[in-house]
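Protein chains in written order, with the numbering used here: chain A, 6 to 223; chain B, 6 to 223. By construction, the Cβ of each residue, glycine as well, lies at the ideal position given by its N, Cα and C atoms. Keep in mind that this is a model prediction, so the values were computed, not measured. For reference, the structure is listed below as structure tokens.
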DNA sequence: ATTACTATGTTTCGAGTAA
DNA sequence: TTTACTCGAAACATAGTAA
């Protein structure tokens, strides 16, 4: 099954429609023609491929959904084989969130942990950075391969507050930490940063200012 | 199945024994405890993992064989997501092969194709380069994602001669081509280079000399 | 040539449970 | 608690074909 997708990747189906047929795919994947046919149908039903079928074969292309799945695999494998501890740099533009980040960061349940584990008392607000290039989004995904500072969730009488992972970094040279909140399915192109400083003031940032986040490797 | 290996990778089983149990792995992979147990046995029988089992769980580590399989996947996926056309550089040390490379390169059936497709008449010999670092071996594997100059195989009365792929490059600045012979399961840490020049003389190389191969991107 | 349906055979799964 | 066996059920693969 997955096998079939890898065969399609080898043919370049991640960037264009590629011409093939069920007999060819079957032999490449070590399965029968009938199975290849059925699996192509399944992949199509699961919106993992698009097809144009005619009586001489078919053209197949991977969907964005399939690429996302492959990207997950890639992200898991990269830290295994890219041993060198490279410096991760992320560039993006400052934008205004809803201001709710500051509320959470200031809560005693979190604040105590920040002071203890990150070694600084965070300014009660987060700097929202929007990533503009695929390269930066990739770099953000790589962050998770770094050693994290774990912030535990907790509960009060009203509700439960989720955990988070922090990664020491600098923003335009100023000490800070990237905050990756657990469970909330955050957009992939946004990074939240906390710091002991009010970064907008300290770095004279406005909405649209470009900042460079440099992750600390150990 | 594969799923289980990815779970183990996430736990770091590619670099050390990691402690886990069948219930935990099952829930991570969306399968029953029984299936996880059975699959671990299969993985062990297939020499993809090593285990130390006790009554409180088990320690699991991936074998080299499993890592090789994952590396294949990684190599397939990298060109998909590493879009930027990076320059591939390989460094290694010159060594003497058996001299058979020269015999083949000089055969009319190949020579004609080199002249036509690579645009030069190759010196009848190959420069063997031994790669010394993991980084260089990785870089060599990446070559295959570049556009290849295809050299077809052929037959004469006696036998069949296999095909090859060539990749335009420079060796210490001199035009050349990396030769990847088909089918022969070449060692991963050796690169063969052909050129119109006798590179050993032209570049004053001896066994053990370090050379830098720069692949041409288009 | 193709793709892909049906029917049948094979493999895989997981509940129950032993050790 | 574990791991992992047995066995009936569910999922999957392929031969034979139709279109």
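(message) Give me the chain A residues within the contact set of residue 15/B, using Cβ-Cβ distance strictly less than 7 Å, ordered along the chain.
(response) The sequence position of residue 15/B within the second chain is 10, counting from 1. By Cβ distance, chain A contributes 81.
(message) Can you tell me whether residue 63/A is buried or exposed? The criterion is at least 16 other CB atoms within 10 Å of its CB, across all chains shown.
(response) Position 58 of the first chain holds residue 63/A. Counting Cβ neighbours within 10 Å, residue 63/A comes out buried, since at least 16 surround it.
(message) Mapping the DSSP letters down to three states, classify residue 146/A as helix, strand or coil.
(response) Residue mapping note: residue 146/A aligns to position 141 of the first chain, counting from 1. Note: residue 146/A maps to helix in three-state DSSP.
(request) Could you name the residues of the same chain whose beta carbon sits closer than 6 Å to that of residue 208/B, not counting the 5 residues immediately before and after it, in chain order? (result) Along the second chain, read from residue 1 onward, the residue named residue 208/B stands at position 203. Cβ neighbours of residue 208/B beyond the five flanking positions: 177.
(request) Tell me, please, whether the region 26-45 of chain A touches the region 97-106 of chain A by the rule of three or more beta-carbon pairs shorter than 8 Å. (result) no
(request) Work out the CA separation of residue 71/B and residue 52/B for me, nearest whole Å. (result) Looking up residue 52/B in the second chain gives position 47. Looking up residue 71/B in the second chain gives position 66. C-alpha separation (whole angstroms): 8 Å.
(message) Counting C-beta neighbours from all protein chains within 10 Å, is the total for residue 141/B 16 or more, i.e. buried, or is it exposed?
(response) If you number the second chain from 1, residue 141/B lands on position 136. Buried, since its Cβ has 16 or more Cβ neighbours within 10 Å.
(message) Give me, in chain order, the residues of the same chain whose beta-carbon lies closer than 7 Å to that of residue 123/B; leave out the 5 immediate sequence neighbours on both sides.
(response) For the purposes of this step, residue 123/B is identified with residue 118 of the second chain, where counting begins at 1. Closer than 7 Å at the Cβ level, and outside the excluded window around residue 123/B, lie 154, 171 and 182.
(request) To the nearest angstrom, report how far apart residue 93/A and residue 110/B are at their CA atoms. (result) As a first step, residue 93/A must be located in the first chain, where it is residue number 88. As a first step, residue 110/B must be located in the second chain, where it is residue number 105. Straight-line Cα distance between these residues: approximately 44 Å.
(message) With DSSP as the reference, identify every bridge partner of residue 25/A, one or two as the case may be.
(response) Working through the first chain from its first residue, we reach residue 25/A at position 20. For residue 25/A, which the question treats as bridged, DSSP gives the partners 63/A.
(message) Between residue 54/B and residue 68/B, how many whole angstroms is the CB-CB distance? I'm expecting something under 8 Å.
(response) Working through the second chain from its first residue, we reach residue 54/B at position 49. Working through the second chain from its first residue, we reach residue 68/B at position 63. Sure, about 6 Å apart at Cβ, within 8 Å.
(message) I want to see whether chain B comes within less than 7 Å of residue 125/A, judged by CB atoms only; does it?
(response) One-based indexing of the first chain puts residue 125/A at position 120. By this cut-off, residue 125/A is not an interface position.
(request) Output yes if chain A places a C-beta closer than 7 Å to the C-beta of residue 75/B; else output no. (result) Start at 1 with the first residue of the second chain, and residue 75/B comes out as number 70. Answer yes: the Cβ-Cβ gap between residue 75/B and chain A drops below 7 Å somewhere.
(message) With a threshold of 7 Å between beta carbons, is residue 172/A in contact with chain B?
(response) Residue numbering aside, residue 172/A sits at position 167 when the first chain is read from its first letter. With 7 Å as the cut-off, residue 172/A does not count as an interface residue toward chain B.
(request) Taking all protein chains shown into account, decide if residue 203/B is buried (16 or more other Cβ within 10 angstroms of its Cβ) or exposed. (result) Numbered from its first residue, the second chain carries residue 203/B at position 198. Residue 203/B comes out exposed.
(message) So with CB distances below 7 Å, who are the chain A contacts of residue 306/B?
(response) What the structure shows of chain B is the stretch from 6 to 223, and residue 306/B is not part of that stretch, so it cannot be assessed.
(request) Would you list, in chain order, the members of the region 45-79 of chain B that have their beta-carbon closer than 8 Å to a beta-carbon of chain A? (result) 72, 75, 76, 78 and 79
(message) Using a 10 Å radius around the Cβ and a threshold of 16 neighbouring Cβ atoms, would you call residue 120/A buried or exposed?
(response) Here residue 120/A is taken as the residue at index 115 of the first chain, counted from 1. Exposed, since its Cβ has fewer than 16 Cβ neighbours within 10 Å.
(message) Just to confirm my understanding: we take residue 146/B, look at its own chain, exclude 5 residues before and 5 after, and list those with CB closer than 6 Å. What are they?
(response) The residue you call residue 146/B lines up with position 141 of the second chain. Hits under 6 Å: 80.
(request) Compute the distance between the beta-carbons of residue 97/A and residue 135/A, then report whether it is under 7 Å. (result) To locate residue 97/A, count along the first chain from 1; it is residue 92. To locate residue 135/A, count along the first chain from 1; it is residue 130. Yes. Within cutoff.
(message) Determine, for residue 11/B, whether the minimum Cβ-Cβ distance to residues of chain A falls below 7 Å.
(response) Within the second chain, the letter at position 6 stands for residue 11/B. Taking Cβ atoms only, chain A reaches closer than 7 Å to residue 11/B, which makes this a yes.
(request) Grab the span of the beta strand (DSSP E) containing residue 182/B for me, first residue to last. (result) Sequence index remark: in the second chain, residue 182/B carries index 177 (1-based). First-last of the beta strand (DSSP E) with residue 182/B: 179-186.
(request) With a 10 Å radius around its C-beta and 16 neighbouring C-beta atoms as the bar for buried, classify residue 44/A as buried or exposed. (result) For this step, residue 44/A is matched to residue 39 along the first chain. When all chains shown are included, residue 44/A counts as buried.
(request) Just mark residue 14/B as buried or exposed, buried being the case when its beta carbon has 16 or more other beta carbons within 10 Å. (result) Within the second chain, numbered from 1, the residue matching residue 14/B stands at position 9. Buried, because 16 or more other Cβ atoms sit within 10 Å of the Cβ of residue 14/B.
(message) Among the candidates 152/A, 206/A, 57/A and 83/A, whose CA atom is the shortest distance from the CA of residue 131/A?
(response) In the first chain, counting from the first residue as 1, residue 131/A sits at position 126. Of the candidates 152/A, 206/A, 57/A and 83/A, the one whose C-alpha sits nearest the C-alpha of residue 131/A is 206/A.
(request) Spatial neighbours of residue 12/B within its chain, please: CB distance less than 7 Å, with the 5 preceding and 5 following residues excluded, ordered by chain position. (result) Translated into positions along the second chain, residue 12/B becomes position 7. Excluding positions up to five away in sequence, the list reads 30, 33 and 34.
(request) Using alpha carbons as the reference points, say which of 162/B, 173/B and 164/B lies closest to residue 156/B. (result) Along the second chain, read from residue 1 onward, the residue named residue 156/B stands at position 151. Cα-wise, what sits closest to residue 156/B is 173/B.
(request) Return the chain-ordered ranges of every beta strand (DSSP E) run that is complete within the region 119-169 of chain A and spans a minimum of 3 residues. (result) 132-136 and 154-156
(message) Looking at residue 169/A: is its Cβ nearer than 7 Å to the Cβ of residue 148/A?
(response) Here residue 169/A refers to the residue found at position 164 when the first chain is read from its first residue. Here residue 148/A refers to the residue found at position 143 when the first chain is read from its first residue. For residue 169/A and residue 148/A, no; Cβs fall outside 7 Å.
(request) Assign residue 108/A to one of two classes, buried (16 or more other C-beta atoms within 10 Å of its C-beta) or exposed (fewer than that). (result) Locating residue 108/A in the first chain gives position 103, where the first residue counts as 1. Classification for residue 108/A: exposed.
(message) Pull the bridge partners of residue 217/A from the DSSP assignment, please.
(response) What you label residue 217/A is simply residue 212 of the first chain in a count that begins at 1. The partner list for residue 217/A (beta bridge, DSSP) reads 96/A.
(request) Hey, could you find the ends of the alpha helix (DSSP H) residue 105/A is sitting in? (result) Looking up residue 105/A in the first chain gives position 100. Start and end: 105-110.
(message) Mapping the DSSP letters down to three states, classify residue 209/A as helix, strand or coil.
(response) Along the first chain, one-based indexing puts residue 209/A at 204. Three-state result, residue 209/A: coil.
(message) With distance defined between alpha-carbon atoms, name the residue in 57/B, 74/B and 137/B nearest to residue 8/A.
(response) Numbered from 1 along the first chain, position 3 holds the residue referred to as residue 8/A. Out of 57/B, 74/B and 137/B, 74/B has the C-alpha closest to the C-alpha of residue 8/A.
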